[in-house]
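Okay, so the first sequence: first residue is 64 according to our numbering, each after it adds one.
No residue lacks a Cβ here, since even glycine has one placed at the ideal position from N, Cα and C.
Values in this document were obtained by computation on a predicted structure and should not be read as measured data.
In what follows, a structure is listed as structure tokens, so that the remarks can point back to it.
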Amino acid sequence: MPELPEVETVRRGLAATIVGRRVEGVTVAERRLRRPLAPAFASALTGRRIVGVGRRAKYLLLELDDAATWLVHLGMSGTLVVAPADAPVRRHTHVIAVLDDGRTLRFHDPRRFGLMRVGSRADLAELAALGLEPLDPAFSAAFLRATARRQRRAMKSLLMDQRVVAGLGNIYVNEILFEAGIRPGRRTSRLTRAEAERTVAATRRVLTEAIAMRGSSINDYRDDRGEPGAFQDTFRVYDRAGEPCPRCHATIRRRVIIGRSSFYCPQCQS
DNA sequence: CGCACCCCCTGCCGGC
DNA sequence: TGCCGGCAGGGGGTGC
Numbered sequence: 064m065p066e067l068p069e070v071e072t073v074r075r076g077l078a079a080t081i082v083g084r085r086v087e088g089v090t091v092a093e094r095r096l097r098r099p100l101a102p103a104f105a106s107a108l109t110g111r112r113i114v115g116v117g118r119r120a121k122y123l124l125l126e127l128d129d130a131a132t133w134l135v136h137l138g139m140s141g142t143l144v145v146a147p148a149d150a151p152v153r154r155h156t157h158v159i160a161v162l163d164d165g166r167t168l169r170f171h172d173p174r175r176f177g178l179m180r181v182g183s184r185a186d187l188a189e190l191a192a193l194g195l196e197p198l199d200p201a202f203s204a205a206f207l208r209a210t211a212r213r214q215r216r217a218m219k220s221l222l223m224d225q226r227v228v229a230g231l232g233n234i235y236v237n238e239i240l241f242e243a244g245i246r247p248g249r250r251t252s253r254l255t256r257a258e259a260e261r262t263v264a265a266t267r268r269v270l271t272e273a274i275a276m277r278g279s280s281i282n283d284y285r286d287d288r289g290e291p292g293a294f295q296d297t298f299r300v301y302d303r304a305g306e307p308c309p310r311c312h313a314t315i316r317r318r319v320i321i322g323r324s325s326f327y328c329p330q331c332q333s
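So this is what it looks like as structure tokens:
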């Protein structure tokens, strides 16, 4: 579910609504997430003030007033929603933090592929190996081409490799490669300069537009207010196998690459 | 080295 | 209608 645009949408919402709030109490209903919540998870949050909300790749980083960071990964089906204290508790709500203004911050995740942890930035090993932010100028055509040329793998695999560029997932890589006119299975070793330029430009364009539309919601994704995004209505190829290409009207194909559904136009993408 | 395949888990959809 | 298989936005591990 949530890729960079969805996580960024949640970040912006939380930054506007919970910064400055103190955590008065934490209820844990289910510790078994992707990794079990640490025994000290609730006590590490209780009494802390949230002083900022950041993002790195698909991780939310809630900065606390004791210099620790509350790290949240939404996995496939996770949401982090601000709700009134008396709002009904949905099934699969695993953690509820009560804030000092009476509202609550709730972590809901049916599949439990999400992750939460509190620690100093240096302790958060998840962040250590992440590659470039795709919207950072450092993610340039020169960088992409140099990285691509010294490997021999599918373009899709490279763009989904969080150690190279961090924050893209299956939906956005499919859309980006369509925009760039490159097939997902294309070998990175054959990437031309012009194709690297198109890929980087398409990455910026697709992500920027998706953030403006508050992300994509297929089933589970909701923002911090519990609202779905709108970008799913503009998918060009994702989940459109058998439909006509929006550019040339050839039939969109589906093929599994690195274990994930890949969609492309056999005519527009080479 | 890169990928296929497995796992984690619940829900939904289509076919029978 | 009900059951079953396949599939789903993520990530991590193993083994070829």
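- Task: Assign F241 to one of three DSSP states: helix, strand, or coil.
- Result: As a position in the first sequence, residue 241 is number 178, starting the count at 1. F241: helix per DSSP, three-state reduction.
- In or out: H136 buried (at least 16 other Cβ within 10 Å) or exposed? What you label residue 136 is simply residue 73 of the first sequence in a count that begins at 1. It is buried - the Cβ of H136 has at least 16 other Cβ atoms within 10 Å.
- Closest to R316 by CA distance: which of T262, F241, R166 and V227 is it? One-based indexing of the first sequence puts residue 316 at position 253. It is F241.
- Message: My assumption, with CB atoms under 8 Å, is that Y235 sits in contact with E66. Please give the rounded CB distance.
- Response: As a first step, residue 235 must be located in the first sequence, where it is residue number 172. As a first step, residue 66 must be located in the first sequence, where it is residue number 3. The pair is a contact, with the Cβ atoms about 5 Å apart (cut-off 8 Å).
- Message: Taking 6 Å as the limit between beta carbons, can you name the residues of its chain near R180, skipping five residues before and five after?
- Response: By 1-based counting over the first sequence, the position of residue 180 is 117. These residues qualify, in order along the chain: L134.
- Task: Return the residue from the list A304, T314 and M276 that minimises the CA-CA distance to P68.
- Result: Translated into the one-based positions of the first sequence, residue 68 becomes position 5. Comparing Cα positions, the closest option is M276.
- Tell me, please, whether the region 141 to 151 touches the region 166 to 174 by the rule of three or more beta-carbon pairs shorter than 8 Å. yes
- Query: Taking all protein chains shown into account, do 16 or more other C-beta atoms lie within 10 angstroms of the C-beta of V319, making it buried, or fewer, making it exposed?
  - Reply: As a first step, residue 319 must be located in the first sequence, where it is residue number 256. V319 should be labelled exposed.
- At which residues does the alpha helix (DSSP H) containing P68 begin and terminate? Locating residue 68 in the first sequence gives position 5, counting from the first residue. Note, P68: alpha helix (DSSP H), L67 to T80.
- Query: Counting along the chain, where does the beta strand (DSSP E) carrying F170 start and finish?
  - Reply: For the purposes of this step, residue 170 is taken as the residue at position 107 of the first sequence. Start and end: R166 to H171.
- Task: Take E258 and list the residues in its own chain whose beta-carbon comes closer than 7 Å to its own, dropping the five residues that flank it on each side.
- Result: Position 195 of the first sequence, counted from the first residue, corresponds to residue 258. Cβ neighbours of E258 beyond the five flanking positions: A243 and I245.
- Nearest-angstrom Cβ-Cβ length linking T262 and I281, presumed shorter than 8 Å: Indexing the first sequence from 1 puts residue 262 at position 199. Indexing the first sequence from 1 puts residue 281 at position 218. With a Cβ gap of about 24 Å, T262 and I281 do not count as contacting.
- Message: By alpha-carbon positions, which one of L96, G117, A107 and V89 ends up nearest to V82?
- Response: On the first sequence, residue 82 is found 19 positions in, with the first residue counted as 1. Answer by Cα proximity: G117.
- Assigned secondary structure, M276 (DSSP; H/G/I helix, E/B strand, else coil): Taking the first residue of the first sequence as 1, we reach residue 276 at position 213. The answer is coil: DSSP assigns M276 none of H, G, I, E or B.
- Message: As a quick exercise: from R215, Q295, S252 and E196, pick the residue whose alpha carbon is nearest that of V228.
- Response: On the first sequence, position 165 is the one that residue 228 refers to. When only C-alpha atoms are compared, the closest one is E196.
- Query: My guess is that I113 and L127 are in contact by the Cβ rule of under 8 Å, so how many angstroms apart are they, rounded?
  - Reply: Within the first sequence, numbered from 1, the residue matching residue 113 stands at position 50. Within the first sequence, numbered from 1, the residue matching residue 127 stands at position 64. That belief holds up - the Cβ atoms of I113 and L127 are roughly 6 Å apart, short of 8 Å.
- Task: May I ask you to report which of helix, strand or coil DSSP gives V263?
- Result: As a first step, residue 263 must be located in the first sequence, where it is residue number 200. It is helical.
- Message: Please give me, in chain order, every unbroken run of the beta strand (DSSP E) with length at least 3 that falls completely inside the region 169 to 252.
- Response: 178 to 182
- Starting from the N-terminal side, write out each stretch of the alpha helix (DSSP H) that is 4 residues or longer and does not extend beyond the region 82 to 153. 104 to 108
- Report the option in F206, S279 and T271 whose CA atom is closest to the CA atom of T251. Walking along the first sequence from the start, residue 251 turns up at place 188. Ranking F206, S279 and T271 by Cα distance to T251 puts F206 first.
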